[in-house]
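Residue numbers (this note's numbering): 319 to 425.
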């Protein structure tokens, strides 16, 4: 009643559409590892191309397929999470420290 003298069109009902961010991401260990691997692989390929050297071989495509299958799962068992995390860590280690001798690994 207090605002009635200030309102012109009382027969019109106006609503407000509240906007909110709907694309929220929750960072998990596997997501962060995968984003780091993708970043490292992209830069490694780019640097090898500019230096005209052969890119070191790794299991990037296999791990990419495994991560895609893992990320599409609705429910993930703990063993699946451990397995994909282990594969991501191994790929990251081999990408950072490429060696010819497999016995020279850190673990």
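All C-beta atoms, glycine included, are put in the ideal place defined by N, C-alpha and C.
Kindly indicate which residue of 337, 384, 339, 329 has the alpha-carbon position closest to the one of residue 398.
Of the candidates 337, 384, 339, 329, the one whose C-alpha sits nearest the C-alpha of residue 398 is 384.
Pull up the distance between the alpha-carbon of residue 370 and that of residue 409, whole angstroms please.
Approximately 23 Å between the Cα atoms of the pair.
Drop a sphere of 10 angstroms on the beta-carbon of residue 388, count the other beta-carbons inside from all chains shown, and report buried for 16 or more, exposed for fewer.
It is buried - the Cβ of residue 388 has at least 16 other Cβ atoms within 10 Å.
Inspect the CB distances between the segment 360-374 and the segment 399-406 and report whether three or more fall short of 8 Å.
Touching, no, given that fewer than three Cβ pairs across the two stretches are closer than 8 Å.
Within this structure, are the beta carbons of residue 413 and residue 362 separated by less than 8 Å?
In this structure, residue 413 places its C-beta atom within 8 Å of the C-beta atom of residue 362.
In angstroms, rounded to a whole number, what distance separates the CA positions of residue 394 and residue 401?
Their backbone Cα atoms lie some 11 Å apart in a straight line.
Take residue 351 and list the residues in its own chain whose beta-carbon comes closer than 8 Å to its own, dropping the five residues that flank it on each side.
Around residue 351: 403, 406, 407, 410.
Buried versus exposed, by CB contacts within 10 Å (16 or more), residue 356
The residue in question, residue 356, is exposed, as its Cβ has fewer than 16 Cβ neighbours within 10 Å.
Extent of the continuous alpha helix (DSSP H) to which residue 321 belongs:
Boundaries cannot be given for residue 321, as no alpha helix (DSSP H) includes it and DSSP labels it neither H nor E.
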